[in-house]
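Using our numbering, the first residue of the sequence shown is number 207, and each one after it goes up by one. Yeah, the Cβ is synthetic: ideal placement off N, Cα and C, and Gly gets one too. Worksheet: one structure, shown below.
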Amino acid sequence: MTDIRRLRRATAALTIALALLLMPGCGKEGSPPAKGPRAGQLPTYKVDTAFRLPASPTWRRAKRRGHLTVGVKEDQPYLGERDPATGRYSGFDIEIARMMSASLGFDPRTIRFQTIASANRETALQSGQIDYYVGTYTINPLRKRLVGFAGPYFMAGQSLLVRTDENDIHGPADLAGRTVCSVAGSTPLQRIQADYPKAHAVAYDTYSVCVDNLLSFQVDAVTTDNTILLGYAAKAPNELKVVGRPFSKEPYGIGVPKRDNALRFALDDAIRTHERNGNWKKAYNATLGLSGVPAPQPPPVDRYRTG
């Protein structure tokens, strides 16, 4: 490719990135999808006003303060994103958080959402900064040593996002000598570093920064769960595409304080309830389903026990 062609492509990509940033409701942490969640199609969640969970210290503290504090992401289209103009959070993970709130006896409208970066999730749960965490949080053995997990409530898989004019990357085996971006502390970053050491992995605090760098030719690919990448591809279908098949299984769970088994089991029950009553599928269709991927079958809840 000539230097002139490279310059033209880089200029076009920079224009695209700037356009995304200048869209209404967009900011440095990423922009909402072009369509956005279909709020009118979101289910409403009946509050279980008779619910009590005295065995849970987390629940008792929340009851005294009158609301739940929930950790989430703010830059993941269709999953968990925050409108910088209104401060409103939306997406599938946000709906899961609201379902759980209703089942625990709290009006979902009273939730205090806190944006927590991937690298800080365990600390936020251990310190009591948040009551539970819903934000593409993959359950794995290492994390189970630090926190508890309800669920899983969704099964994703790691994939790759590239520019539409990229024809040489079809899967992780093609990343040798290429620069791939992910989020610091995330499972996808760790997998690339461990299984594909010939790739040049770089990390940032948010996926939106990775996507901006992809569009401006600073990186060759972005890797994380397919659910997240499909959201970004849906925002800019002429510039971005998801390639290859998922090369992992990522069970998303709800993070809770490690020793609060009572809360974890209550959330397991709530997940099953909302899957059975149709709320789970309705929430998916109105949010993550806008990426074009039909609702899958929810994975079985793993009601594991600890000593």
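Identify the continuous beta strand (DSSP E) that holds residue i and give its terminal residues.
i: Gln364; result: Gln364 to Arg369
i: Thr275; result: Thr275 to Val278
Got a sec, what are the start and stop residues for the alpha helix (DSSP H) residue i sits in?
i: Arg267; result: Pro263 to Arg271
i: Arg517; result: The structure shown does not extend to residue 517, since the chain is modelled only from 207 to 513, so the question has no answer here.
i: Lys488; result: Asn485 to Ala492
Tell me, which residues are paired with residue i by DSSP?
i: Asp281; result: Glu287
i: Arg318; result: Thr275
i: Pro463; result: Val353
i: Thr385; result: His406
My guess is that residue i and residue j are in contact by the Cβ rule of under 8 Å, so how many angstroms apart are they, rounded?
i: Phe312; j: Val278; result: Going by Cβ atoms, the distance from Phe312 to Val278 rounds to 16 Å, so no, they are not a contact pair.
i: Ile317; j: His376; result: About 41 Å; that fails the 8 Å criterion.
i: Asp281; j: Tyr413; result: 6 Å
i: Thr362; j: Ala390; result: For the sequence presented, residue 362 should be read as Ala rather than Thr. 19 Å between Cβ atoms; not a contact.
i: Asp474; j: Ala356; result: 5 Å
i: Thr385; j: Val425; result: 5 Å
i: Ser392; j: Ser497; result: With 8 Å as the limit, Ser392 and Ser497 do not qualify as a contact, their Cβ atoms being about 20 Å apart.
i: Gln514; j: Asn483; result: Since the first residue of the chain shown is 207 and the last is 513, residue 514 is not available in this structure.
i: Asn444; j: Thr512; result: At roughly 49 Å, the Cβ-Cβ gap does not stay under 8 Å, so Asn444 and Thr512 are not in contact.
i: Thr275; j: Ile322; result: Contact flag wrong, Cβ pair sits at about 10 Å.
Is the Cβ-Cβ distance between residue i and residue j less than 8 Å?
i: Gly437; j: Pro283; result: yes
i: Pro358; j: Gly495; result: no
i: Phe360; j: Ala489; result: no
i: Ala476; j: Lys487; result: no
i: Phe453; j: Pro378; result: yes
i: Leu366; j: Val499; result: no
i: Tyr343; j: Arg327; result: yes
i: Ser388; j: Val415; result: no
i: Ile302; j: Val340; result: yes
i: Leu310; j: Ala468; result: no
i: Asn285; j: Thr433; result: The question names Asn, yet the displayed sequence has Leu at residue 285. In this structure, Thr433 lies closer than 8 Å to Leu285 by Cβ.
i: Thr533; j: Asp508; result: Residue 533 falls outside the range modelled here, since the chain spans only 207 to 513, and no answer is possible.
i: Leu381; j: Ala405; result: yes
i: Glu456; j: Gln364; result: yes
i: Pro249; j: Asn485; result: yes
i: Gln332; j: Pro504; result: no
i: Arg304; j: Tyr251; result: yes
Does the ligand ATP have a heavy atom nearer than 7 Å to the CB of residue i?
i: Met361; result: Among the components modelled here there is no ligand, and therefore nothing to report on the ligand ATP.
Segments of 3+ residues assigned as beta strand (DSSP E) that fall wholly inside the region 387 to 461
406 to 410, 427 to 431 and 446 to 449
What residue ranges within the region 321 to 378 form continuous alpha helix (DSSP H) runs of no fewer than 4 residues, ordered along the chain?
If we require 4 residues or more, the alpha helix (DSSP H) runs fully inside the region 321 to 378 come out as 327 to 332 and 347 to 350.
For the region 288 to 312, which segments carrying the alpha helix (DSSP H) assignment without a break, of at least 4 residues, lie completely within its bounds, in sequence order?
298 to 309
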